[in-house]
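K.L.:
Residue numbers (this note's numbering): 980 to 1149.
Where a beta carbon is used, it is the ideal one built from N, C-alpha and C, also for glycine.
Below is the structure I would like to discuss, written out as structure tokens.
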């Protein structure tokens, strides 16, 4: 799909676009647009804790739906479903998106600095609802700390804070 929409883009740009289309946020957005939460069967306890709106559950439900379409009808119906729900998002991307961690790493490389280092400094909450605290450190710029419901989310937020810190200093 991306090769046809953006035939002149290089592999790196296409990879960034693909990552944006398959990231958790986009999958959840599509699951919500389909109201998939209402079709998820779960225990009363999970339902009472907001399980039908839980982002992980919505992500898993959409992935399961695509798998079921594939098993039931084969590759063509699965491809049609994916194109129907993702192609408009792909066409609306004016530039390849870039997440904060990638921006920070690429900026550090242009400045000939070492690669940003991410460290989980705390994990709290239950196994069902963890909260990660991550610190990113970068030579000459110190550290930035953020929390999130996943390591990846906390790392992204920490990278965003580090970028803001850098922009203030330059």
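CB-CB under 8 Å to residue 1038, same chain, minus the five flanking residues each way: which ones, in chain order?
P.N.:
Along the chain shown, one-based indexing puts residue 1038 at 59. Result list for residue 1038: 1003, 1006, 1007, 1010, in chain order.
K.L.:
Under DSSP, the alpha helix (DSSP H) around residue 1030 begins and ends at which residues?
P.N.:
Translated into positions along the chain shown, residue 1030 becomes position 51. Residue 1030 -> no alpha helix (DSSP H), and no H or E assigned at all.
K.L.:
Which of helix, strand or coil does DSSP assign to residue 1053?
P.N.:
Taking the chain shown and counting its residues from 1, the one referred to as residue 1053 is at position 74. Residue 1053: coil per DSSP, three-state reduction.
K.L.:
In this structure, what does DSSP give as the bridge partners for residue 1124?
P.N.:
Here residue 1124 corresponds to residue number 145 of the chain shown, with the count starting at 1. Beta-bridge pairing links residue 1124 to 1114.
K.L.:
Quick check: what's the CA-CA separation for residue 1056 versus residue 996?
P.N.:
Within the chain shown, the letter at position 77 stands for residue 1056. Within the chain shown, the letter at position 17 stands for residue 996. In a straight line, the C-alpha of residue 1056 is about 23 Å away from that of residue 996.
K.L.:
Can you look up residue 1036 in the DSSP assignment and give me helix, strand or coil?
P.N.:
Along the chain shown, one-based indexing puts residue 1036 at 57. Reduced to three states, the DSSP call for residue 1036 is helix.
K.L.:
Are the beta-carbon atoms belonging to residue 1087 and residue 1139 less than 8 Å from one another?
P.N.:
Walking along the chain shown from the start, residue 1087 turns up at place 108. Walking along the chain shown from the start, residue 1139 turns up at place 160. No. Outside cutoff.
K.L.:
Go ahead and pull the three-state DSSP assignment for residue 998.
P.N.:
Here residue 998 corresponds to residue number 19 of the chain shown, with the count starting at 1. Three-state DSSP puts residue 998 in a helix.
K.L.:
So, at 8 Å on beta carbons, what are the nonlocal neighbours of residue 1072 in its own chain, with the 5 sequence-adjacent residues on each side left out?
P.N.:
Against the chain shown, residue 1072 aligns to sequence position 93. So the list reads 996, 999, once near-sequence residues are dropped.
K.L.:
Specify the secondary structure class of residue 1132 as computed by DSSP and reduced to three states.
P.N.:
Residue 1132 sits at position 153 when you count from the first residue of the chain shown. Helix at residue 1132.
K.L.:
So what does residue 1109 bridge to, in DSSP terms?
P.N.:
The residue you call residue 1109 lines up with position 130 of the chain shown. Looking at the DSSP assignment, residue 1109 forms a beta bridge with 1104.
K.L.:
Note the first and the last residue of the continuous alpha helix (DSSP H) segment covering residue 1084.
P.N.:
Position 105 of the chain shown holds residue 1084. The continuous alpha helix (DSSP H) containing residue 1084 extends over residues 1079 to 1089.
K.L.:
If you pair each beta-carbon of the segment 1083 to 1097 with each one of the segment 1107 to 1118, do three or more pairs fall below 8 Å?
P.N.:
yes
K.L.:
Tell me, to the nearest whole angstrom, how far the beta carbon of residue 1047 is from that of residue 1015; I am working on the premise that it is less than 8 Å.
P.N.:
Here the question's residue 1047 lines up with position 68 in the chain shown. Here the question's residue 1015 lines up with position 36 in the chain shown. Not confirmed; about 12 Å, so no contact.
K.L.:
Here's the rule: buried if 16 or more other CB atoms are within 10 angstroms of the residue's CB, otherwise exposed. What is residue 1059?
P.N.:
If you number the chain shown from 1, residue 1059 lands on position 80. So residue 1059 counts as exposed.
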